[in-house]
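A.B. asks: If you use full-length UniProt numbering, the sequence shown corresponds to residues 1 to 378, in order. Glycine is no exception: its CB is placed at the ideal position from the N, C-alpha and C atoms.
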Amino acid sequence: MKRIVQWAIKALTAFDWPLLALLILMAVLGMTVMHSAVGGTDWRFADQLRNFLIAFACLWLAAMTPPPVLMRLAPYFYVIGVVLLLGVEFFGETSKGATRWLNLGVVRIQPSEMLKISVPLMLAWYFHRNQGRLRVLDFFVAGVLLVIPFSLIVLQPDLGTALLVFASGFCVIYFGGLSFKLLMPIAFLMVVGVGTLVYYEGQICQPGVDWVILHDYQKYRVCTLLDPSSDPLGKGFHTIQSMIAVGSGGVYGKGYMLGTQSHLDFIPERTTDFIFAVYAEEFGLYGGIMLLVLYALLILRGLAIAARAHTQFGRLLAGSMSMMFFVYVFVNVGMVTGILPVVGVPLPFMSYGGTALLTLGIACGILMSISRYRPVRQ
Numbered sequence: 001m002k003r004i005v006q007w008a009i010k011a012l013t014a015f016d017w018p019l020l021a022l023l024i025l026m027a028v029l030g031m032t033v034m035h036s037a038v039g040g041t042d043w044r045f046a047d048q049l050r051n052f053l054i055a056f057a058c059l060w061l062a063a064m065t066p067p068p069v070l071m072r073l074a075p076y077f078y079v080i081g082v083v084l085l086l087g088v089e090f091f092g093e094t095s096k097g098a099t100r101w102l103n104l105g106v107v108r109i110q111p112s113e114m115l116k117i118s119v120p121l122m123l124a125w126y127f128h129r130n131q132g133r134l135r136v137l138d139f140f141v142a143g144v145l146l147v148i149p150f151s152l153i154v155l156q157p158d159l160g161t162a163l164l165v166f167a168s169g170f171c172v173i174y175f176g177g178l179s180f181k182l183l184m185p186i187a188f189l190m191v192v193g194v195g196t197l198v199y200y201e202g203q204i205c206q207p208g209v210d211w212v213i214l215h216d217y218q219k220y221r222v223c224t225l226l227d228p229s230s231d232p233l234g235k236g237f238h239t240i241q242s243m244i245a246v247g248s249g250g251v252y253g254k255g256y257m258l259g260t261q262s263h264l265d266f267i268p269e270r271t272t273d274f275i276f277a278v279y280a281e282e283f284g285l286y287g288g289i290m291l292l293v294l295y296a297l298l299i300l301r302g303l304a305i306a307a308r309a310h311t312q313f314g315r316l317l318a319g320s321m322s323m324m325f326f327v328y329v330f331v332n333v334g335m336v337t338g339i340l341p342v343v344g345v346p347l348p349f350m351s352y353g354g355t356a357l358l359t360l361g362i363a364c365g366i367l368m369s370i371s372r373y374r375p376v377r378q
């Protein structure tokens with residue numbers, strides 16, 4: 001009986017209660033919007049509820065795992081993830097023009113999702129081991145560790161997941177001590193590149209122009225972003241309809257389950273990538289601001305956990321997990337509102353899907369584990 005009580009106390013103290021309160025609130029809001037997006041309680045609503053329960057179980061298990069254990073397992077998770085990505089490259093299953101799945105016989109998995117967690121784990125482990133004696137070579141090695149999985153995911157192709165993996169890994173490298181001065185030339189080149197793209201859009205977006213480094217569908221996504229009206233019934237349909245839905249919500253919104261764009265099937269993928277358009281149409285500007293405030297509180301809580309972490313590994317990992325949420329939200333809202341190309345990034349705790357929820361649940365569990373961890377002083 002005593003052991004049971006001790007285990008129960010340990011299980012309850014594993015949670016970071018401010019973070020848990022935010023997650024519960026977002027889960028309730030997410031299921032509410034999902035109910036409207038599917039028009040009731042059909043199988044998708046039930047599946048999403050099941051996905052939340054599974055994600056919560058994984059969150060709890062991750063929260064119960066001490067950071068030293070995560071640090072010991074980090075290299076193994078990374079190697080397994082890269083091996084599975086190589087398996088996808090040679091033996092993966094193709095669906096809708098992309099090879100992202102690997103059939104292991106008993107289960108069919110998407111290894112790229114695993115790298116959203118294992119890459120920052122590996123890089124945090126690497127910088128923790130080399131803290132106090134970092135050299136330029138160490139940042140180069142860290143860059144190689146990041147580029148390997150990023151390149152394998154781009155080849156699938158899955159630009160959205162690759163972007164999230166790169167962002168989470170880059171945040172570890174930056175928080176690990178990468179000088180901001182080294183980023184200025186890259187930022188300058190990006191600004192020049194975007195400016196050139198906008199200026200010569202009429203010439204480089206012609207059908208016969210090959211962009212070399214991008215697939216044709218990725219090229220069309222960028223060109224559609226620059227001018228959605230160029231293909232209003234094809235590549236630009238998603239962007240145009242989502243922008244109409246967001247704008248038609250106005251300041252106060254049309255009301256719960258009263259969105260015309262979503263319930264008349266004008267919004268494609270309204271339960272997944274474009275669920276923010278459903279939300280904005282029904283709850284308006286004020287509702288959108290409230291949702292963004294919730295995300296901001298979640299990210300700030302994660303950064304606060306990072307600031308109070310007792311180890312370099314914990315600080316880097318918590319900072320990376322927090323910024324991963326920021327990238328999720330920024331990219332999804334950006335593509336729904338037409339300021340970023342459509343890359344298939346879900347909105348955290350709102351979009352339908354079990355894999356993304358599982359990844360987010362584990363990330364939040366890791367934050368809670370770092371928050372509650374107190375190293376034993378000898």
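Would you mind reading off the limits of the alpha helix (DSSP H) that contains G314?
C.D. replies: Residue mapping note: residue 314 aligns to position 314 of the sequence shown, counting from 1. Element bounds for G314: Q312 to V336.
A.B. asks: Between which two residues does the alpha helix (DSSP H) carrying residue 396 extend?
C.D. replies: Past the edges of the chain, shown from 1 to 378, lies residue 396, and the structure says nothing about it.
A.B. asks: So for N51, helix, strand or coil by DSSP?
C.D. replies: Numbered from 1 along the sequence shown, position 51 holds the residue referred to as residue 51. If DSSP states are grouped into helix, strand and coil, N51 belongs with the helices.
A.B. asks: Confirm, please, whether the CB-CB distance from D138 to F150 is below 9 Å.
C.D. replies: For the purposes of this step, residue 150 is taken as residue 150 along the sequence shown, with counting starting at 1. For the purposes of this step, residue 138 is taken as residue 138 along the sequence shown, with counting starting at 1. No, these two residues do not count as a Cβ contact at 9 Å.
A.B. asks: Assign L104 to one of three DSSP states: helix, strand, or coil.
C.D. replies: Counting from one through the sequence shown, the residue named residue 104 turns up at place 104. Three-state DSSP puts L104 in coil, outside helix and strand.
A.B. asks: Counting only the same chain and skipping the five closest in sequence on each side, list residues whose C-beta sits under 6 Å from that of M71.
C.D. replies: As a working note, residue 71 is residue 71 in the sequence shown. Only W125 and F313 meet the Cβ criterion.
A.B. asks: Do G365 and A27 count as a contact pair if the criterion is CB distance below 9 Å?
C.D. replies: As a working mapping, residue 27 is identified with position 27 in the sequence shown. As a working mapping, residue 365 is identified with position 365 in the sequence shown. No, Cβ-Cβ distance for A27 and G365 is not below 9 Å.
A.B. asks: With DSSP as the reference, please indicate the residues paired to I109 in a beta bridge.
C.D. replies: As a working note, residue 109 is residue 109 in the sequence shown. According to DSSP, which records beta bridges pairwise, I109 is partnered with L102.
A.B. asks: Please report how far the alpha carbon of A142 lies from the alpha carbon of A167, in whole angstroms.
C.D. replies: What you label residue 142 is simply residue 142 of the sequence shown in a count that begins at 1. What you label residue 167 is simply residue 167 of the sequence shown in a count that begins at 1. So the two alpha carbons sit approximately 13 Å from each other.
A.B. asks: On the premise that T239 lies in contact with V342, defined as a C-beta separation below 8 Å, what is that separation, rounded to the nearest angstrom?
C.D. replies: Along the sequence shown, read from residue 1 onward, the residue named residue 342 stands at position 342. Along the sequence shown, read from residue 1 onward, the residue named residue 239 stands at position 239. Sure, about 7 Å apart at Cβ, within 8 Å.
A.B. asks: Which term fits M368, buried or exposed, when burial requires 16 or more other beta carbons within 10 angstroms of its beta carbon?
C.D. replies: Within the sequence shown, the letter at position 368 stands for residue 368. Buried, because 16 or more other Cβ atoms sit within 10 Å of the Cβ of M368.
A.B. asks: Since I299 contacts A37 with CB under 8 Å, what's their CB separation in whole angstroms?
C.D. replies: Position 299 of the sequence shown holds residue 299. Position 37 of the sequence shown holds residue 37. Contact doesn't hold; Cβ gap of about 24 Å is too wide.
A.B. asks: Do R50 and M34 have their C-beta atoms closer together than 9 Å?
C.D. replies: For the purposes of this step, residue 50 is identified with residue 50 of the sequence shown, where counting begins at 1. For the purposes of this step, residue 34 is identified with residue 34 of the sequence shown, where counting begins at 1. It is not a contact, given that the beta carbons lie outside the stated cut-off.
A.B. asks: Is the number of C-beta pairs between the stretch 148–162 and the stretch 302–322 that are closer than 8 Å three or more?
C.D. replies: Not touching, per the Cβ criterion.
A.B. asks: Look at L371 and R315 and say whether their C-beta atoms are less than 9 Å apart.
C.D. replies: Locating residue 371 in the sequence shown gives position 371, counting from the first residue. Locating residue 315 in the sequence shown gives position 315, counting from the first residue. One point to set straight first is that residue 371 is Ser, not Leu, in the sequence displayed. No. Outside cutoff.
A.B. asks: Using the rule of at least 16 other Cβ atoms within 10 Å of the residue's Cβ for burial, across every protein chain shown, is M350 buried or exposed?
C.D. replies: Position 350 of the sequence shown, counted from the first residue, corresponds to residue 350. Buried is the call here.
A.B. asks: Sort G177, V69 and Y252 by Cα distance to P375 and report the nearest one.
C.D. replies: Start at 1 with the first residue of the sequence shown, and residue 375 comes out as number 375. Residue V69 is the option with its Cα nearest to P375.
A.B. asks: Going by DSSP, what residue range makes up the alpha helix (DSSP H) through V251?
C.D. replies: For the purposes of this step, residue 251 is identified with residue 251 of the sequence shown, where counting begins at 1. It is not in any alpha helix (DSSP H) - V251 carries neither H nor E in the DSSP assignment.
A.B. asks: Tell me where the alpha helix (DSSP H) around E281 begins and ends.
C.D. replies: Translated into the one-based positions of the sequence shown, residue 281 becomes position 281. Looking at the DSSP string, the run of the alpha helix (DSSP H) that includes E281 is I275 to R308.
A.B. asks: Classify A74: buried if its beta carbon has 16 or more other beta carbons within 10 angstroms, exposed otherwise.
C.D. replies: Mapped onto the sequence shown, residue 74 falls at position 74. So A74 counts as buried.
A.B. asks: Do you know whose CA, among S322, G255 and Y295, lies nearest E282's CA?
C.D. replies: On the sequence shown, position 282 is the one that residue 282 refers to. Answer by Cα proximity: G255.
A.B. asks: Determine the contact status of G319 and L285, defining contact as a CB-CB distance below 9 Å.
C.D. replies: Residue 319 sits at position 319 when you count from the first residue of the sequence shown. Residue 285 sits at position 285 when you count from the first residue of the sequence shown. No; because the gap between Cβ atoms is not below 9 Å, this pair is not in contact.
A.B. asks: Indicate the three-state DSSP secondary structure (helix, strand or coil) for T196 in the structure shown.
C.D. replies: Translated into the one-based positions of the sequence shown, residue 196 becomes position 196. Residue state, collapsed to three classes: helix.
A.B. asks: Can you tell me the Cα-Cα spacing of G39 and A187, whole angstroms?
C.D. replies: The residue given as residue 39 occupies position 39 in the sequence shown. The residue given as residue 187 occupies position 187 in the sequence shown. Going from the Cα of G39 to the Cα of A187 covers about 44 Å.
A.B. asks: The ligand HEM and L367: does any heavy atom of the ligand fall closer than 8 Å to the residue's C-beta?
C.D. replies: Looking for the ligand HEM in the displayed structure turns up nothing, as the structure carries no ligands at all.
A.B. asks: Closer than 6 Å by C-beta to M323: which residues in its own chain qualify, once you throw out the five before and the five after it? Chain order, please.
C.D. replies: Counting from 1 along the sequence shown, the entry for residue 323 is found at position 323. Contacts found: C171.
A.B. asks: How is the alpha helix (DSSP H) around F139 delimited, first residue to last?
C.D. replies: Translated into positions along the sequence shown, residue 139 becomes position 139. F139 -> alpha helix (DSSP H) spans V136 to V154.
A.B. asks: Is T271 helix, strand or coil by DSSP?
C.D. replies: Here residue 271 refers to the residue found at position 271 of the sequence shown. DSSP places T271 in coil when its eight states are reduced to three.
A.B. asks: For L85, which of V345, S118, D42 and A57 has the nearest alpha-carbon?
C.D. replies: Counting from one through the sequence shown, the residue named residue 85 turns up at place 85. Ranking the options by Cα distance to L85, first place goes to S118.
A.B. asks: T41 by DSSP, collapsed to three states: which one?
C.D. replies: The sequence position of residue 41 within the sequence shown is 41, counting from 1. Coil.
A.B. asks: I'd like the list of long-range same chain contacts for Y78, defined as Cβ closer than 6 Å, with 5 residues on each side in sequence excluded.
C.D. replies: Within the sequence shown, residue 78 is the residue found at index 78, counting from 1. If we look at Y78 and ignore the five residues flanking it on each side, its Cβ neighbours are S118 and M122.
A.B. asks: So, for P111: in the same chain, excluding its five sequence neighbours on each side, which residues have a beta-carbon less than 8 Å away from its beta-carbon?
C.D. replies: Position 111 of the sequence shown, counting from 1, holds the residue named residue 111. So the qualifying residues of the chain are G81, L84, L85, G87, V88 and L102.
A.B. asks: Give me the Cα-Cα distance between T355 and V345, rounded to the nearest whole angstrom.
C.D. replies: The sequence position of residue 355 within the sequence shown is 355, counting from 1. The sequence position of residue 345 within the sequence shown is 345, counting from 1. Approximately 12 Å, taken between the alpha carbons.
A.B. asks: Output the distance between the C-alpha atoms of Q378 and T311, rounded to the nearest integer angstrom.
C.D. replies: Position 378 of the sequence shown, counting from 1, holds the residue named residue 378. Position 311 of the sequence shown, counting from 1, holds the residue named residue 311. Unreliable placement is indicated for Q378, whose pLDDT of 46 sits below 50; no coordinate value is reported for it.
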